[in-house]
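Printed below as a string of structure tokens:
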């Protein structure tokens with residue numbers, strides 16, 4: 013069985029699943045020979061014609077939702093596995109490529125032909141504790157393949173309304189609904205606070221906002237899309253698992269996934285010279301920031317490379333949320349720092365070990381985290397006050413600010 017991969021209206025290659033359920037992918041000669049072509053991922057270079065099961069899945073499987081959300085969607089739509097999921101939901105994946113069963117796929121770029129997703133439909137799904145992504149899938153089967161375990165859906169957002177494009181057109185926003193798990197409250201306000209704090213301390217962050225209502229919705233402008241004269245174009249990205257040929261089950265270092273060192277070296281080896289050092293420093297600051305806010309879910313699928321103007325660069329940061337604020341969630345950081353993942357046991361000694369691993373000048377990481385601490389301390393309280401003033405239901409921002417304060421104090425006690 014075959015699926016076809018397209019960029020705009022150019023056929024890029026063919027995804028094959030044989031009768032033994034083994035996958036392979038092959039680029040077309042025209043794509044390999046095109047001056048404007050680019051690979052699906054760094055693990056799948058254009059110089060190689062065909063890729064076998066493991067590497068093929070490392071790109072395509074990482075396009076899919078994960079966990080209970082994926083199970084629900086597969087059960088409700090009577091599908092199973094990466095191939096069938098992309099066959100049904102591959103029209104608007106992360107990045108530049110469309111995955112379709114139509115060998116003669118053609119994108120109709122138009123601002124017309126939009127189907128509205130009523131807010132009432134979204135709220136009804138939330139009230140019934142049903143994934144909104146499942147409702148979107150029923151409305152338009154093509155538009156669903158967003159990676160991650162959280163309930164979210166892609167759409168075009170205009171003046172407080174959500175739309176699905178028709179004819180293979182691209183969406184412009186990602187909409188996240190409140191996490192509906194026991195013990196997890198105010199997830200929308202949590203992520204909004206963490207993302208806005210990151211922006212205020214100088215990180216590159218996609219534009220985001222909250223649509224307040226019976227259930228707050230977190231709306232993020234897609235950085236892998238660009239709009240000009242009402243035409244939405246796709247920009248390619250690959251997360252750090254895709255770039256290194258790793259499937260989502262190994263996204264955490266503790267499960268055999270990439271370490272800080274491997275991801276740091278990925279940036280040094282793949283980003284264009286002009287942005288290489290700034291991007292490597294931004295990555296280290298991302299680690300520091302996630303430590304401070306308590307984002308223990310900052311694994312290698314939650315950071316990406318963006319292919320922009322013919323070169324790779326670090327993508328804007330996304331999925332920044334304090335998981336440590338919820339006692340029921342795992343306590344270990346996504347990466348080991350000096351062989352430790354327990355924040356309470358990470359200090360100056362562990363930073364020195366990390367500096368040695370990264371072959372950095374002694375004191376470099378220590379200086380970086382102190383700089384991030386200073387910037388965060390200057391912004392966190394005022395931001396929390398503004399958010400809680402703007403959104404009457406938002407009480408978590410101040411709690412996260414207090415958590416950050418305790419974490420900074422803990423680092424100071426560890427000699428930082």
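In the numbering used here, the protein residues as written are 13 to 428.
C-beta: ideal position from N, C-alpha, C; glycine also.
* Asked: Within this structure, are the beta carbons of residue 206 and residue 404 separated by less than 7 Å?
  -> With a cutoff of 7 Å on beta-carbon distance, residue 206 and residue 404 are scored as not near each other.
* **residue 251 vs residue 164 beta-carbon contact at 7 Å** => No Cβ-Cβ contact shorter than 7 Å links residue 251 with residue 164.
* **Between the CA atoms of residue 61 and residue 69 - distance to the nearest angstrom** => For residue 69 and residue 61, the gap between their C-alpha atoms comes out near 16 Å.
* To do: Please decide whether residue 357 counts as near chain D, where near means a Cβ-Cβ distance under 7 Å.
  => In the displayed structure, chain D is absent; only one protein chain is listed.
* Between the C-alpha atoms of residue 107 and residue 200, what's the straight-line distance to the nearest angstrom? -> Taking the straight line from one Cα to the other gives about 24 Å.
* Using 10 angstroms around the beta-carbon of residue 118, count the other beta-carbons present and answer buried if the total reaches 16, otherwise exposed. => Classification of residue 118: exposed, given that the 10 Å Cβ count is below 16.
* Asked: In its own chain, which residues sit with a C-beta less than 6 Å from the C-beta of residue 114, not counting the 5 before and 5 after it?
  -> Closer than 6 Å at the Cβ level, and outside the excluded window around residue 114, lies no residue.
* Decide if residue 64 is buried, meaning its Cβ has at least 16 other Cβ atoms within 10 Å, or exposed. => That one is exposed.
* To do: In the DSSP assignment, find the unbroken alpha helix (DSSP H) run with residue 422 in it and report its ends.
  => Note, residue 422: alpha helix (DSSP H), 408-425.
* Boundaries (first-last residue) of the alpha helix (DSSP H) holding residue 65 -> Counting along the chain, residue 65 sits inside the alpha helix (DSSP H) bounded by residues 65-72.
* Asked: Can you give, in chain order, each stretch of the alpha helix (DSSP H) that sits fully within the stretch 132-190 and has at least 4 residues?
  -> Here the runs fully enclosed are 144-151.
* To do: From the DSSP output, in three-state form, read off residue 220 for me.
  => In the structure shown, residue 220 sits in a strand (DSSP, three-state: E or B).
* Asked: Can residue 134 and residue 127 be called in contact, C-beta distance under 7 Å?
  -> In this structure, residue 127 does not lie closer than 7 Å to residue 134 by Cβ.
* Asked: Under the three-state reduction of DSSP, which class applies to residue 333: helix, strand or coil?
  -> Note: residue 333 maps to coil in three-state DSSP.
* Between residue 246 and residue 422, what straight-line distance do the alpha-carbon atoms span, to the nearest angstrom? -> Going from the Cα of residue 246 to the Cα of residue 422 covers about 43 Å.
* **Distance between residue 241 and residue 345 (C-alpha atoms, nearest Å)** => Whole-angstrom Cα-Cα distance: 43 Å.
* To do: Would you decide whether residue 193 is buried or exposed? Buried here means 16 or more other CB atoms lie within 10 Å of its CB.
  => Only exposed fits residue 193, as fewer than 16 other CB atoms lie within 10 angstroms of its CB.
* To do: For the beta strand (DSSP E) containing residue 344, list its first residue and its last residue.
  => Counting along the chain, the beta strand (DSSP E) containing residue 344 begins and ends at 344-349.
* Using a Cβ-Cβ cut-off of 7 Å (strictly less than) and excluding sequence neighbours within five positions of residue 278, which residues of its own chain qualify? -> Answer for residue 278: 252, 255, 256, listed in chain order.
* **Cβ pair residue 411, residue 337 closer than 7 Å** => Between residue 411 and residue 337, the C-beta gap is smaller than 7 Å, which places the two residues in contact.
* To do: Please classify residue 25: is it buried, with 16 or more other beta-carbons within 10 angstroms of its beta-carbon, or exposed?
  => Classified as buried, residue 25 has 16 or more neighbouring CB atoms from the shown chains inside 10 Å of its CB.
* **Cβ contact check for the stretch 216-231 and the stretch 352-359: 3 or more pairs under 8 Å** => Touching, no.
* Asked: Rounded C-beta distance between residue 318 and residue 208? I'm assuming under 8 Å.
  -> Contact flag wrong, Cβ pair sits at about 21 Å.
* Simplified DSSP state of residue 317, which is helix, strand or coil -> Three-state DSSP puts residue 317 in a strand.
* Look up residue 254 in the DSSP assignment and say whether it is helix, strand or coil. => The answer is helix: DSSP assigns residue 254 an H, G or I state.
* If we ignore side chains and look at the alpha-carbon of each, how far apart do residue 19 and residue 110 end up? -> Going by the C-alpha atoms only, they are around 6 Å apart.
* **Option in 401, 298, 402, 311 with minimal Cα separation from residue 263** => The candidate whose alpha carbon is nearest that of residue 263 is 311.
* Out of 213, 142, 149, 282, which has the shortest C-alpha to C-alpha gap to residue 51? -> That would be 282, whose Cα lies nearest to the Cα of residue 51.
* Asked: Buried or exposed: which applies to residue 136, given that a residue is buried once 16 or more other Cβ atoms fall within 10 Å of its Cβ?
  -> Exposed: under 16 other Cβ atoms inside 10 Å.
* Per DSSP, the bridge partner or partners of residue 95 -> According to DSSP, residue 95 bridges with nothing at all.
* **Own chain, CB closer than 7 Å to residue 276, minus 5 neighbours either side, in chain order** => Short of 7 Å from the beta carbon of residue 276, and not among the five residues preceding or following it, lie these beta carbons of its own chain, in chain order: 292, 295, 370.
* Counting Cβ pairs, one atom from each stretch, are 3 or more of them under 8 Å apart for the stretch 28-44 and the stretch 93-107? -> When C-beta atoms of the stretch 28-44 are compared with those of the stretch 93-107, three or more pairs fall below 8 Å, so the two segments count as touching.
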